[in-house]
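Peer 1: Chains as they are written, first to last, in my numbering: chain C, 1 to 146; chain U, 1 to 146.
Just passing along the structure, written as structure tokens.
Protein chains: 2
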Amino acid sequence: MPEPWSGVREQFRQRGMRWTPQRRTVIEVLAGSSGHVTSAELIERCRERDPQTIPSTVYRTLDALEALGLVRHGHGADGREEFHVGPDAEHGHLYCGDCGARSEIRAAEADAIVTAFRAADGFEVDLSHVTVVGRCASCAARHAAG
Amino acid sequence: MPEPWSGVREQFRQRGMRWTPQRRTVIEVLAGSSGHVTSAELIERCRERDPQTIPSTVYRTLDALEALGLVRHGHGADGREEFHVGPDAEHGHLYCGDCGARSEIRAAEADAIVTAFRAADGFEVDLSHVTVVGRCASCAARHAAG
DNA sequence: GCTTCTATTGCAAGAGATGGCAATAGCAAC
DNA sequence: GTTGCTATTGCCATCTCTTGCAATAGAAGC
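Right under this line is the structure:
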């Protein structure tokens, strides 16, 4: 099992949580995923491995993994849940409302956001939970022209 | 009917859309609201005026009003829909994941965000659709201390 | 007022997400 | 291996939001 999943079972046990086949399924699917996954995708892929998969169990497993810091969740532009896997979990997203393009928020912009809020309010932004909606460069240009 | 609702009926008609009792109900409720409203609240208040209110009609009316630019919708921290009413519709939100406190993003921070993305990607941020999640000043302090 | 066109409604069905609760099954201890 | 505690599961109910479709009812023209 690739990092950061190799020690999950022990992490669970150390916290008095149990290692179940259902959780193993979810974690195997996550280990085979990269970047972002929507809940629907996750459930779908879990069902490929185990057709008996129950959605609420998947959601609860994800909650548990989030408590362990192994995944983070955020909400996409339509408000539906998305999960980020792995150590590069700390990033937000840009979403173009016109063409649907998605990209990650880069360090420079991220810093601008975090710093602006920290300075003004002392508010500590949770970047992984940020989805910024708007219009990407090409759509903005097309819109301005046409 | 207070601004910006006084001319809604005409705006509807000019676009070939119809003025119906159901829409009137929704608009009256919106006119009596300020700031943010969740869909659930709206439906609830519409039912107080007209117990026959059907949720899907409310949602479709809100879509129509958004097309007219009279309301804007965004997604709260939990991904559920929220509507902003009136001319000050263009603002984002801060949400504290610890204590649940909500506040509006002020002009200074808003500028920092908009400018950062415009400079870096040419991305035009739709502020009204931004909800930033994190930890408010007092919760951050409490967390750092305890 | 009556007719006609068609935007809207009401309803039913469905997907996504979440919580309660009884039954199940990890796993630690013997 | 067996026992006991209780974290989890599976299922059901609920809530939010969306879509399709037949029936309804605005509103413009006569």
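Glycine included, each C-beta is placed from N, C-alpha and C at the ideal position.
Computed from a predicted structure; not experimentally measured.
For D126 of chain C, does the count of other Cβ atoms within 10 angstroms reach 16, so buried, or fall short, so exposed?
Peer 2: Indexing the first sequence from 1 puts residue 126 of chain C at position 126. By the 10 Å Cβ count, D126 of chain C comes out buried.
Peer 1: Determine the chain U residues that contact A161 of chain C at a beta-carbon separation under 8 Å, and present them in chain order.
Peer 2: Examination of residue 161 of chain C is not possible in this model, given that chain C is present from 1 through 146 alone.
Peer 1: Any beta-carbon of chain C closer than 8 Å to the one on G35 of chain U?
Peer 2: Locating residue 35 of chain U in the second sequence gives position 35, where the first residue counts as 1. Chain C contact via Cβ: absent.
Peer 1: For the region 53–80 of chain C, which residues have a beta carbon sitting closer than 7 Å to at least one beta carbon of chain U?
Peer 2: Those would be H75, G79 and R80, in chain order.
Peer 1: Are the region 1–17 of chain C and the region 40–53 of chain C in contact at 8 Å, needing three or more beta carbon pairs?
Peer 2: With a cut-off of 8 Å, the region 40–53 of chain C and the region 1–17 of chain C do not count as touching, because too few Cβ pairs lie within range.
Peer 1: For the beta strand (DSSP E) that V130 of chain C lies in, which residues bound it at each end?
Peer 2: For the purposes of this step, residue 130 of chain C is identified with residue 130 of the first sequence, where counting begins at 1. No beta strand (DSSP E) holds V130 of chain C; DSSP gives it neither H nor E.
Peer 1: Taking the alpha-carbon positions, what's the C96 of chain C to S103 of chain U distance?
Peer 2: As a first step, residue 96 of chain C is located in the first sequence; it is residue number 96 there, counting from the start. As a first step, residue 103 of chain U is located in the second sequence; it is residue number 103 there, counting from the start. When rounded, the distance between both Cα atoms is 25 Å.
Peer 1: Is it true that the CB of L62 of chain U sits closer than 8 Å to the CB of Q11 of chain U?
Peer 2: Translated into the one-based positions of the second sequence, residue 11 of chain U becomes position 11. Translated into the one-based positions of the second sequence, residue 62 of chain U becomes position 62. Cβ distance not < 8 Å, so Q11 of chain U and L62 of chain U don't count as in contact.
Peer 1: If you pair each beta-carbon of the region 129–136 of chain C with each one of the region 68–83 of chain C, do three or more pairs fall below 8 Å?
Peer 2: Touching, yes.
Peer 1: Could you check whether the Cβ of C136 of chain C sits closer than 8 Å to any Cβ belonging to chain U?
Peer 2: Residue mapping note: residue 136 of chain C aligns to position 136 of the first sequence, counting from 1. Yes, C136 of chain C lies at the interface with chain U (some Cβ there is under 8 Å from its Cβ).
Peer 1: Restricting to Cα atoms, I'd like to know which of C:H36, C:I105 and C:W19 is closest to C136 of chain C.
Peer 2: On the first sequence, position 136 is the one that residue 136 of chain C refers to. C136 of chain C has its Cα closest to that of C:I105, out of C:H36, C:I105 and C:W19.
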